[in-house]
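A.B. asks:
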Amino acid sequence: MMVVPYKEKDSSKREQIAEMFDNVSPKYDFLNHLLSGGIDFWWRKKAISMLRAEKPQLILDIATGTGDLAVEAVKQLKPEKIIGVDISEGMLSFGREKMKKLGLESKIELQMGDSEKLQFESNTFDAVIVSFGVRNFENLEKGLTDMCRVTKSGGTCMVMEFSNPKAPVIKQLYNFYNATILPFIGRLISNDSSAYSYLPESVKAFPEGENFLKVFEKAGFRQTKCIPLTFGVCSIYIGKKP
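The numbering of the sequence shown is my numbering, which starts it at 16 and goes up by one.
(1) Buried or exposed: Q126, going by 16 or more other Cβ atoms within 10 Å of its Cβ?
(2) Measure the Cβ-Cβ separation of P198 and Y211 and say whether it is below 7 Å.
(3) Just verifying my parser: in three-state terms, what is the DSSP assignment at Y21?
(4) DSSP state of G247, grouped into three classes?
(5) Shortest alpha-carbon distance to K132 belongs to which of P243, R59, D83, R164?
(6) Measuring CB to CB, does A85 end up less than 7 Å from I102?
(7) Using C-beta distances below 8 Å, list every residue in its chain close to M65, excluding the 5 sequence neighbours before and after it, in chain order.
(8) When DSSP labels each residue in this structure, what does E124 get in the three-state scheme?
(9) So, at 8 Å on beta carbons, what are the nonlocal neighbours of K256 in its own chain, with the 5 sequence-adjacent residues on each side left out?
(10) Quick one: give me the first and last residue of the beta strand (DSSP E) that E176 is part of.
(11) Which first and last residues belong to the beta strand (DSSP E) in which L92 is found?
(12) Does the beta-carbon of Q31 have 16 or more other beta-carbons within 10 angstroms, so that it is buried, or is it exposed?
(13) Using the Cβ count rule (16 or more neighbours within 10 Å means buried), how would you classify M17?
(14) Pick helix, strand or coil for G148, following the three-state DSSP scheme.
(15) Of the choices V89, R150, I204, whose alpha-carbon is the least far from that of K122?
(16) Comparing C-alpha positions only, which one of S26, S217, L155 sits nearest to E232?
(17) For V39 versus S205, is the C-beta distance shorter than 7 Å?
(18) Is the region 70-78 touching the region 139-153 in the sense that three or more CB pairs, one from each, lie closer than 8 Å?
(19) Taking only the alpha-carbon atoms, compute the straight-line gap between L49 and K70 and give it to the nearest angstrom.
(20) Please check the pair S209 and Y21, which I expect to be a contact at CB under 8 Å, by giving their CB distance rounded to whole angstroms.
(21) For D207, does the three-state DSSP call read helix, strand or coil?
(22) According to DSSP, is F140 part of a helix, a strand, or is it coil?
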């Protein structure tokens, strides 16, 4: 069964995800940092550092949101250009303001786009990156296959996504936090009662670890690997396009 934010609505998952992110966009960055205890900064640093040796010059940031991953990529990788795509205009408008403040408008271009129907030619990007976005895809394999299509031969795809810790005590704490504290704080601050209940539900339903690598390879990527972070709360997946 597909997990969606607004179970009472008949709209597609894609439409519901766009609506949800439009709703939470004014408080999204604040909540992101608050609910992760600031560790999301380190996760992004670690994920981008895995691309340093390859020095990608043209990068596509999928489900870019307000552009935090793209900003980290500019800092570490010094690429010529990053294009960020997202289905939420609300998130993109906050992202564009952020780029203006940081003076990164010429480096990072944020545009409306469906991550499962990318409007780019095949073999365009040196690297395709995405953080906490693929579990929101309506069709995971379709989205990853399109990401592979627009990646150049020899290019890299980096996916960062939430996962579920396996160690007993950490797992119990994590599940308690996700079931009670996270939805409560999210509701209180974002005024969207469904968004931060959807988050843990979507993490539980996501095919993590080896299961994700199988879909990753089916989509066309090779030399795939999974790097768990923070007791398995988050995982980085790396794949190369042959």
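The C-beta atom is built at its ideal place from N, Cα and C for all residues, glycine as well.
C.D. replies: Short version:
(1) Counting from 1 along the sequence shown, the entry for residue 126 is found at position 111. Taking a 10 Å sphere around the C-beta of Q126, we find fewer than 16 other C-beta atoms and assign the residue as exposed.
(2) Here residue 198 refers to the residue found at position 183 of the sequence shown. Here residue 211 refers to the residue found at position 196 of the sequence shown. Yes, Cβ-Cβ distance for P198 and Y211 is below 7 Å.
(3) Taking the first residue of the sequence shown as 1, we reach residue 21 at position 6. Annotated three-state conformation of Y21 is coil, per DSSP.
(4) Here residue 247 refers to the residue found at position 232 when the sequence shown is read from its first residue. When secondary structure is reduced to three states using DSSP, G247 falls in the helix class.
(5) In the sequence shown, residue 132 corresponds to position 117, counting from 1. The alpha carbon of K132 has as its nearest neighbour, out of P243, R59, D83, R164, the alpha carbon of R164.
(6) Here residue 85 refers to the residue found at position 70 when the sequence shown is read from its first residue. Here residue 102 refers to the residue found at position 87 when the sequence shown is read from its first residue. Taking 7 Å as the Cβ cut-off, A85 and I102 do not qualify as a contacting pair.
(7) What you label residue 65 is simply residue 50 of the sequence shown in a count that begins at 1. Within the same chain, M65 has close Cβ partners M173, I242, I251, I253.
(8) Counted from its first residue, the sequence shown places residue 124 at position 109. If DSSP states are grouped into helix, strand and coil, E124 belongs with the strands.
(9) The residue you call residue 256 lines up with position 241 of the sequence shown. If we look at K256 and ignore the five residues flanking it on each side, its Cβ neighbours are C163, T166, K167, S168, G169, G170, T171, C172, G235, F236, R237.
(10) What you label residue 176 is simply residue 161 of the sequence shown in a count that begins at 1. Per DSSP, E176 belongs to the beta strand (DSSP E) from 166-177.
(11) Counted from its first residue, the sequence shown places residue 92 at position 77. That residue, L92, is in no beta strand (DSSP E); its alpha helix (DSSP H) goes 83-92.
(12) The count along the sequence shown starts at 1 and reaches residue 31 at position 16. With 16 or more Cβ atoms within 10 Å of its Cβ, Q31 is classed as buried.
(13) Stepping through the sequence shown from its first residue, residue 17 is reached at position 2. Note on M17: under 16 other CB atoms within 10 angstroms of its CB, so exposed under the neighbour-count rule.
(14) Here residue 148 refers to the residue found at position 133 of the sequence shown. Under the three-state reduction of DSSP, G148 is assigned to coil, being neither helix nor strand.
(15) For the purposes of this step, residue 122 is identified with residue 107 of the sequence shown, where counting begins at 1. For the options V89, R150, I204, the alpha carbon positioned closest to that of K122 is the one of V89.
(16) On the sequence shown, position 217 is the one that residue 232 refers to. Ranking the options by Cα distance to E232, first place goes to L155.
(17) What you label residue 39 is simply residue 24 of the sequence shown in a count that begins at 1. What you label residue 205 is simply residue 190 of the sequence shown in a count that begins at 1. Less than 7 Å divides the Cβ of V39 from the Cβ of S205.
(18) Short answer: they touch.
(19) For the purposes of this step, residue 49 is identified with residue 34 of the sequence shown, where counting begins at 1. For the purposes of this step, residue 70 is identified with residue 55 of the sequence shown, where counting begins at 1. L49 and K70: Cα-Cα distance of roughly 32 Å.
(20) One-based indexing of the sequence shown puts residue 209 at position 194. One-based indexing of the sequence shown puts residue 21 at position 6. Contact flag correct, Cβ pair sits at about 5 Å.
(21) Here residue 207 corresponds to residue number 192 of the sequence shown, with the count starting at 1. Residue state, collapsed to three classes: coil.
(22) Taking the first residue of the sequence shown as position 1, residue 140 is located at position 125. Judged by DSSP in its simplified three-state form, F140 adopts strand.
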